[in-house]
Amino acid sequence: MIKFFLMVNKQGQTRLSKYFEHVEIHKRTSLEADVIKSCLSRTKDECSFVEYKDFKLVYRQYAALFIVIGVDEAENELAVYELVHNFVEVLDKYFSRVVTSQIMFNLDKVHIILDEMILNGRIVETNKSRILAPLLVLDKMSES
Amino acid sequence: MPAVSKGDGMRGLAVFISDIRNCKSKEAEIKRINKELANIRSKFKGDKALDGYSKKKYVCKLLFIFLLGHDIDFGHMEAVNLLSSNRYTEKQIGYLFISVLVNSNSELIRLINNGIKNDLASRNPTFMNLALHCIANVGSREMAEAFTADIPKILVAGDTMDSVKQSAALCLLRLNRTSPDLVPMGEWTSRVVHLLNDQHLGVVTAATSLITTLAQKNPEEFKTSVSLAVSRLSRIVTSASTDLQDYTYYFVPAPWLSVKLLRLLQCYPPPEDGAVRGRLTECLETILNKAQEPPKSKKVQHSNAKNAVLFEAISLIIHHDSEPNLLVRACNQLGQFLQHRETNLRYLALESMCTLASSEFSHEAVKTHIETVINALKTERDVSVRQRAVDLLYAMCDRSNAQQIVAEMLNYLETADYSIREEIVLKVAILAEKYAVDYTWYVDTILNLIRIAGDYVSEEVWYRVIQIVINRDDVQGYSAKTVFEALQAPACHENLLKVGGYILGEFGNLIAGDPRSSPLIQFNLLHSKFHLCSVPTRALLLSTYIKFVNLFPEIKATIQDVLRSDSQLRNADVELQQRAVEYLRLSSIASTDILATVLEEMPPFPERESSILTKLKKKKGPGKVPDVEETKKERNSDMNGSTEPASVNSSAVTMSTPSTSTDLLGLGSAPVLNSVAPPSAGGSLLVDVFSDNSPAVASLAPSAEENFSSPRIGSTDVVSDDPAAAVHDADELVDKFVCKNNGVLFENQLMQIGLKSEFRQNLGRMYIFYGNKTSTQFQSFLTAVICQDALKTQLNIQTKQVDPAVDGGAQVQQILNIECVSDFVEAPILNIQFRYGGALQNMSVKLPVTLNKFFQPTEMTSQDFFQRWKQLAAPQQEVQKIFKAKHPMDTEVTKAKIIGFGVALLDMVDPNPSNFTGAGVIHTKNIQVGCLLRLEPNTQAQMYRLTLRTSRETVSQRLCELLSEQF
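For the record, the sequence lines run as chains A and B. If you read the first sequence in the numbering used here, its first letter stands for residue 13, the second for the next number, and so on. If you read the second sequence in the numbering used here, its first letter stands for residue -16, the second for the next number, and so on.
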């Protein structure tokens, strides 16, 4: 299963984090620092999967933004790797070309998107228009 | 400041976020946050009721602050208010806050549950989804109690919207994870399985996750999912890339769903139904074929998605391990990936091939890639890829390529990353031992290991080489010569010195004939390094020196001079000082005969699983060293071919420091020194073998006098004990030994009876030591082991009679060979008779041979455990006992006892961490009985509840009786 989902900038600041297993808040900070350190230090020709303690990190870089997903051995690394891209494409579609600041200003929306895609550590929906459906309802309501 | 792109734009929030973004330092950020928190707090506490919008804004800010990594301890009430609102925007923020911030223990759950209940009943799919997401995210026990009954209904109801079904499936999955006991199985299960046929792929995706998890726990109940999954997979795989519309990702039809379906199929063996099986094989072939077709897109997303499915298909092929044709094709495909320019693919191919190597059908095919893998080891820039290459080389190693692989690994070790050196060292050591045809090669390899990566050679590795050299006399001369040469290097690693010291101390005589390695040269060589070593090594070298005194009487004086020097005799380290004093004394007072006996060559070590393998397993976690069993068998046959069954207690002095070498034999705290004085030694040495902590050497000859004057030794005035008084309360005695194998069985003023025993499967060997505590000889010493009544047919015990005379102060041993034929209850009785000072002594004790001694521990996962637990549910299979604690309830002690009882202690199996669970198999000649146990302590009441389930009532009964007396 997927254990956590992190969005981190190049300076190592967490921009979004979602945990699918309960982790104490003070442990989160050190876990994130650790995870970020092990991903940021890697070069382009190193592989996108990092063994970390008893699970694996799958990460992908978009300009200054890193997306890191922690998974256990029951996940398919490439599938998770592409899930990251699918997620970014969903953001792109919603925000029409997403930039990091938009993620910060719209954390709640990003969380909704994430909730539609991953629930309880499992991939639940991959179809972009269905992922965005509840958000569009939301937007329509606030406009009216 | 960038504008909020969409939505209702809470201005205050946007300003706050920009402020935070503009903070130059962490301190500034914290200051800004604290200001905001104070503001929000005052707003929430204020007299003025807040409107929904303001509440939402502040809760949003709190959420943001939390996501920045600051703990938030208020605002929950407002969030609960929001989620009860009828406005979707407010409700949504309320749920989000609760999902992210409430942990399972919050008391608010009751209020939240109320809101959820309303939303679930609302029939509004958007609201229902929010509520279900919240349950799936929080999933506390209270929620499980409130909703487990409703959710299956929502999931399988015909009129439920697709998106709600998806959420309900994952919700149920969560509740099943946190409160499995509450989720009712029943008629809904078959309908869940049919969701695999749902026309909506989103529903199928969610349902597959749920079914996979449930099927792992309950394979039987979800068996029908196999054929449904196969047909669904087949439809996806053969569809044109446009058929599945939005579920097609870069021309790959539903890649994530395909992966999940393939995962689900890995919960089951190959389908029994020929048609289903044929269809699955077709699917797998299609997937393999597609990999060879030209890509439909140049985008990396296309090939990644395609390969994700391909790797999962290969996993399934390996899991089934039944179609040689597919296995070989999979292997060839992975072979192509090994040379792919994408690092990710090379990594995954190496990883996947590692599991393929253990299949008999593809082992040979994997081996053909050896050069590529070795090349990867040399050229890959990424340490995790190189690590995978090491793993694969380890997995593909067999007798035919062992020399090449070990050589390459040693090569790589010189430049290997520090993080993986220790593991490589372990692997090299294991392979070298496992596939050694020629043991000189093995010795060379280990010495090379120490030379190249001495710091990473753990104790287990050098202990092992010594065990092997001692057990194989054909390699002893060569080893002595090789270590001697290796020690010539101006700087050599301390581990080399340890091995060298030990081996020369045992076998230095084999090379002493050569003037270049005469005794004195050997001694000087070792002693030249002595002062640079740590205390344990120096202690070991002192033992080498005393052994030299025996091997080479001509240098005795030189060695005595060294021992006598102030730096030894007055060493600040008490262990070194004691050794120097005792060895010096021993060398001056003992006759050559006694020296020769005391310092005799080490007897062969008993065969046991290599401690290195144990260590590697520990490092990698259970299940990651796939061929351990095989290794064990193979190695045993290797070693036993040439070694007599070892006897651990022939007289010998071992090198003993409390910190290191006592563990050399893996005997734990039982000292290796068992019977220092054979009867011929004139009864001057009686050693308390079983004292737990004294270093064995401390009780060597020089301290024997002390031993005699110690109050524990009975006075010689006592002529005879009343025989009746000598019969011990035997049950109590037996209880004492249930969880341990060694110790003092019986002691009175005349004699002490000690025990050491070892058991493997249905066989056991027990060493009984009879120590004469007086200074007078026992005459007509006679022992008998009696199996009464039914026990005669249940246990076979064979032994040889001991010498009828036991000298004063001497110790004699008797070996019992025990075979367990079927399960039993009673204990055999040991009868002892002898004459002491003219009076006939007679005593009998029960021997602690109990049923649990024939346990072999079984590791299993939580799922397996509970599955088997359920299978053993018949009333006569379970025995339960509730009893008061007789000892302080210490978790560690309890764990040790359960392990001592013989079962595997299973961590993380029981949902309640304070409970203990164990599993093992009782081996008897006639049957094997699997046994599961669970011990639930109640510290408040100082009580335990012990439950045992086995397939045999008598076994459950007996084990429960035995174990319940231990706590």
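All C-beta atoms in this analysis are idealised placements derived from N, C-alpha and C, irrespective of residue type, glycine included. The model shown is predicted, which means the values in this text are computed figures rather than measured ones.
Closer than 6 angstroms: residue i CB and nearest the ligand FMN heavy atom
{"i": "PHE107(A)", "result": "Only the bare structure without any ligand can be found here, which leaves the ligand FMN out of the picture."}
Other residues of its chain near residue i: CB distance less than 6 angstroms, five sequence neighbours each side excluded
{"i": "GLU613(B)", "result": "For GLU613(B), the predicted model reports a pLDDT of 42, less than 50, meaning its position is unreliable and no value from the coordinates is stated."}
{"i": "THR933(B)", "result": "VAL912, CYS914, SER939"}
{"i": "ASN120(B)", "result": "SER82"}
{"i": "GLN816(B)", "result": "LEU765, ASN825"}
{"i": "SER620(B)", "result": "Low confidence applies here, because SER620(B) scores a pLDDT of 37, under 50, leaving its location unreliable and the question unanswered by this model."}
{"i": "LYS864(B)", "result": "LEU929, CYS943, SER947"}
{"i": "VAL785(B)", "result": "VAL795, GLN797"}
{"i": "THR833(B)", "result": "VAL721, LEU945"}
Under 7 angstroms between C-beta atoms of residue i and residue j
{"i": "TYR422(B)", "j": "VAL458(B)", "result": "yes"}
{"i": "ASP374(B)", "j": "CYS314(B)", "result": "no"}
{"i": "SER68(B)", "j": "ILE92(B)", "result": "no"}
{"i": "SER53(A)", "j": "ASN327(B)", "result": "no"}
{"i": "PHE899(B)", "j": "LEU929(B)", "result": "no"}
{"i": "CYS803(B)", "j": "ASN745(B)", "result": "yes"}
{"i": "ARG404(B)", "j": "TYR439(B)", "result": "yes"}
{"i": "ALA412(B)", "j": "VAL389(B)", "result": "no"}
{"i": "VAL102(A)", "j": "LYS140(A)", "result": "yes"}
{"i": "TRP956(B)", "j": "ALA91(A)", "result": "Lying before the first or after the last residue shown, residue 956(B) is absent from chain B, which here runs from -16 to 950."}
{"i": "ALA296(B)", "j": "LEU267(B)", "result": "yes"}
{"i": "PHE884(B)", "j": "ASN835(B)", "result": "yes"}
{"i": "CYS516(B)", "j": "GLU468(B)", "result": "no"}
{"i": "ALA190(B)", "j": "LEU158(B)", "result": "no"}
Of the residues the options, the one placed nearest residue i, counting alpha carbons only
{"i": "THR207(B)", "options": "SER173(B), PRO167(B), ASN492(B)", "result": "SER173(B)"}
{"i": "GLY737(B)", "options": "VAL828(B), LEU778(B), GLY747(B), GLN777(B)", "result": "VAL828(B)"}
{"i": "LEU841(B)", "options": "HIS906(B), GLU405(B), ASP873(B), ALA104(B)", "result": "The sequence as given places Thr at residue 841(B); Leu does not occur at that position. Of HIS906(B), GLU405(B), ASP873(B), ALA104(B), the residue nearest in Cα terms is HIS906(B)."}
{"i": "ILE301(B)", "options": "LEU333(B), LEU263(B), GLN275(B), SER342(B)", "result": "SER342(B)"}
{"i": "GLN249(B)", "options": "ASN533(B), LEU94(B), LEU299(B)", "result": "LEU299(B)"}
{"i": "THR138(A)", "options": "LYS243(B), GLN850(B), MET749(B)", "result": "LYS243(B)"}
{"i": "GLY52(B)", "options": "GLU101(A), PHE78(A), HIS38(A), ILE125(A)", "result": "HIS38(A)"}
{"i": "ALA62(B)", "options": "ASP54(B), PHE80(B), LEU480(B)", "result": "PHE80(B)"}
{"i": "VAL139(B)", "options": "VAL209(B), VAL186(B), ILE357(B)", "result": "VAL186(B)"}
{"i": "ARG246(B)", "options": "SER280(B), SER192(B), PHE506(B), ASN478(B)", "result": "SER192(B)"}
{"i": "ASP873(B)", "options": "SER845(B), PHE950(B), ILE3(B)", "result": "PHE950(B)"}
{"i": "PHE849(B)", "options": "LEU889(B), ILE194(B), ALA288(B), LYS878(B)", "result": "LEU889(B)"}
{"i": "ASP84(A)", "options": "ASP66(A), VAL110(A), SER154(A), PHE99(A)", "result": "ASP66(A)"}
Counterpart residues of residue i in DSSP-defined beta bridges
{"i": "ASP227(B)", "result": "For the sequence presented, residue 227(B) should be read as Leu rather than Asp. DSSP lists no partner for LEU227(B)."}
{"i": "MET926(B)", "result": "LYS867(B), ASN921(B)"}
{"i": "LEU813(B)", "result": "VAL768(B), VAL828(B)"}
{"i": "GLN760(B)", "result": "GLN760(B) is not bridged to any residue."}
{"i": "MET19(A)", "result": "LEU28(A), ILE79(A)"}
Chain-order list of residues whose beta-carbon lies under 8 angstroms from that of residue i (same chain, five-residue window excluded)
{"i": "GLU44(A)", "result": "LEU18, VAL20, THR26, SER29"}
{"i": "ARG382(B)", "result": "TYR418, VAL420"}
{"i": "VAL768(B)", "result": "ILE780, THR782, LEU799, PRO811, ILE812, LEU813, ASN814, LEU830"}
{"i": "ASP256(B)", "result": "SER210"}
{"i": "TYR64(A)", "result": "ASP46, VAL47, SER50, GLY82"}
{"i": "LEU951(B)", "result": "With chain B covering -16 to 950 only, the question about residue 951(B) has no answer from this structure."}
{"i": "VAL136(A)", "result": "GLU128, MET129, ILE130"}
Cutoff 7 angstroms; reference residue i; Cβ partners in own chain excluding five residues on either side
{"i": "PHE(-1)(B)", "result": "GLU19, LYS44"}
{"i": "GLY98(B)", "result": "VAL63, LEU66, SER67"}
{"i": "LEU119(A)", "result": "LEU28"}
Test: residue i CB closer than 7 angstroms to a CB of chain E
{"i": "ILE37(A)", "result": "The structure shown contains no chain E; the protein chains it does contain are A and B."}
For this session: Enumerate, from N- to C-terminal direction, the unbroken alpha helix (DSSP H) stretches of 4 or more residues contained entirely within the region 842 to 891 of chain B.
Result: Entirely contained in the region 842 to 891 of chain B, the alpha helix (DSSP H) runs reaching 4 residues are, in chain order, 845 to 854, 874 to 884.
Exercise. Residue ranges of each alpha helix (DSSP H) run of no fewer than 4 residues wholly in the region 381 to 419 of chain B, ordered along the chain?
Worked result: Here the runs fully enclosed are 385 to 396, 401 to 417.
Exercise. Quick one: complete alpha helix (DSSP H) runs, 4+ long, within the region 5 to 54 of chain B?
Worked result: Entirely contained in the region 5 to 54 of chain B, the alpha helix (DSSP H) runs reaching 4 residues are, in chain order, 9 to 28, 35 to 50.
For this session: Note down, one range per segment and in chain order, each beta strand (DSSP E) of at least 3 residues found wholly within the region 498 to 561 of chain B.
Result: Every candidate beta strand (DSSP E) stretch fails here, since none sits fully inside the region 498 to 561 of chain B while reaching 3 residues.
Problem set entry | Unbroken stretches of the alpha helix (DSSP H), 4 residues or longer, contained in the region 70 to 143 of chain B | For the region 70 to 143 of chain B, the continuous alpha helix (DSSP H) assignments of 4+ residues that do not extend past its boundaries occur at 71 to 84, 92 to 104, 108 to 121, 124 to 130, 133 to 139, in sequence order.
For this session: Ignoring anything shorter than 3 residues or poking outside the region 58 to 102 of chain A, list the beta strand (DSSP E) runs there in chain order.
Result: Taking only runs of at least 3 residues, the beta strand (DSSP E) segments lying wholly in the region 58 to 102 of chain A are 61 to 64, 67 to 74, 77 to 83.
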